[in-house]
Amino acid sequence: MTKVADLKTFATKIRIETIKEIAGIGVGHIGGALSICDLLAVLYGGVMNIDPKNPCDENRDWLIVSKGHSGPALYATLALKGYFPMDTLKTLNKPDTILPSHCDRHAPGVDMTTGSLGQGASLAMGIALGNKLSGRNNYTYLLLGDGECNEGQVWEAAMFANNKKLDNVIAFVDDNKQQLDGFTKDISNMGDIAAKFSAFGWNSQSIDGHDVEAILNAIKSAKENEGVPSVIVLNTIKAKGYKKWEGSPGNHNFNITMEDALQFEKDILANE
Ligand SMILES: Cc1ncc(C[n+]2csc(CCOP(=O)(O)OP(=O)(O)O)c2C)c(N)n1
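In the numbering used here, the protein residues as written are 2 to 273.
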């Protein structure tokens, strides 16, 4: 499914299912889930070497969603790919669920439990090093937030990856310019994130994170670099697709009813 039109349709489906899933419990991290749907569509729509019937295949590509509060978007993607039934999405964050709000390995297809920001970066480097030492030719994809990049652990991991020549790592930064309680520039300004990774020896690119074709091309270009890890900074809009919340304060975690979700579905399909 690497046709651009199919990827766009897949991204829209992920957005709709994410919103319905969160509406099932009435509250959730909507902003940072909606900003990554185009990336998820590209990765799971053809880039990643994966098999929903064999989620633990040791030769698979890995994705570590280090901004683990975006779990509902990953879960929606995995359900759409057939890793588990769509109905499981209705159990989000409810007692005995395999889908707690933050990414959890109890869910088939989730490669790493995350939520403590920064930790996923170190885990990704360990996995990538292990795969390299085992002679596997797979990729480890890592998704970070721009607010998450305030964490020192991200930069320890960045240094490590360069030292170990982890060219099997492709990281993404969901640079939606916002974090939990404000704009990143006002909390701890990251400046030019791509330039910072370059200073740590990474091959860096910066693109429109809602343009599926640009994401596809950037991944292709990243794979052409040997001997260094790659990062793709995705310029995104928090709550992308939910017009009244796009880029606005308070869009990190908010209440939503099923009625709101059905309206969201109508609106997003009308804007296709
Ligand atoms: C170590 C740690 N500190 C604080 C938090 C609380 N927290 C959850 S989400 C978040 C903001 C993250 O911002 P960003 O990475 O930009 O995510 P996005 O805006 O894309 O949702 C914070 C501070 C956490 N989960 N982990």
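Beta carbons are placed, not taken as given, at the ideal position from N, Cα and C, and that holds for glycine.
- Glutamine 180 and glutamate 149 have their C-alpha atoms spaced approximately 8 Å apart.
- Taking the C-beta atoms as reference points, serine 36 is found no nearer than 8 Å to threonine 258.
- According to DSSP, glutamine 264 shares a beta bridge with no other residue.
- About 6 Å separates the CB atoms of histidine 103 and threonine 115; that is less than 8 Å, so the two are in contact.
- Note that the C-beta distance between threonine 13 and isoleucine 216 is not below 8 Å.
- No Cβ-Cβ contact shorter than 8 Å links leucine 235 with leucine 79.
- Going by C-alpha positions, glutamine 206 is about 23 Å away from leucine 75.
- When distances are taken from the beta-carbon of aspartate 175 to the heavy atoms of ligand 1, the shortest one is below 7 Å.
- In chain order, Met126, Val170 and Pro230 place their CB closer than 6 Å to the CB of alanine 162, counting only its own chain and leaving out the 5 sequence neighbours on each side.
- By the neighbour-count criterion, in which a residue is buried when 16 or more other Cβ atoms sit within 10 angstroms of its Cβ, alanine 159 is buried.
- Where glycine 146 is concerned, the enclosing beta strand (DSSP E) starts and stops at 141–146.
- 8 Å or more divides the Cβ of histidine 30 from the Cβ of histidine 211.
- Around the CB of serine 189, fewer than 16 other CB atoms lie within 10 Å, so the residue is classed as exposed.
- The C-alpha of glutamate 227 is placed about 43 Å away from the C-alpha of phenylalanine 255.
- Setting aside the 5 residues that flank it on each side, leucine 130 is surrounded in the same chain by Lys165, each with a C-beta closer than 6 Å to its C-beta; the list follows chain order.
- By DSSP's assignment, leucine 130 forms no beta bridge with any residue.
- Within a 10 Å sphere around the beta-carbon of asparagine 60 sit fewer than 16 other beta-carbons, which makes this residue exposed.
- By the CB criterion at 8 Å, valine 213 and lysine 82 fall outside the cutoff.
- Take the alpha-carbon of proline 86 and the one of isoleucine 65: they are about 22 Å apart.
- Residue state for phenylalanine 11 is assigned as helix, using DSSP reduced to three classes.
- Aspartate 209 is bridged by DSSP to Asn236.
- Not one heavy atom of ligand 1 falls within 7 Å of the beta-carbon of glycine 136.
- Where phenylalanine 173 is concerned, there is no enclosing alpha helix (DSSP H), although the beta strand (DSSP E) around it starts and stops at 170–176.
- Annotation for tryptophan 63: the continuous beta strand (DSSP E) segment containing it runs 63–66.
- With a threshold of 7 Å, the Cβ atom of glutamate 149 counts as near ligand 1, since some heavy atom of the ligand is closer than that.
- Rounded to the nearest whole angstrom, the CA to CA distance from alanine 42 to aspartate 187 is 31 Å.
- Not one heavy atom of ligand 1 sits closer than 7 Å to the Cβ of glycine 121.
- Here lysine 245 is exposed. Its C-beta has fewer than 16 other C-beta atoms within 10 Å.
- In the structure shown, valine 229 adopts coil according to DSSP, grouped into three states.
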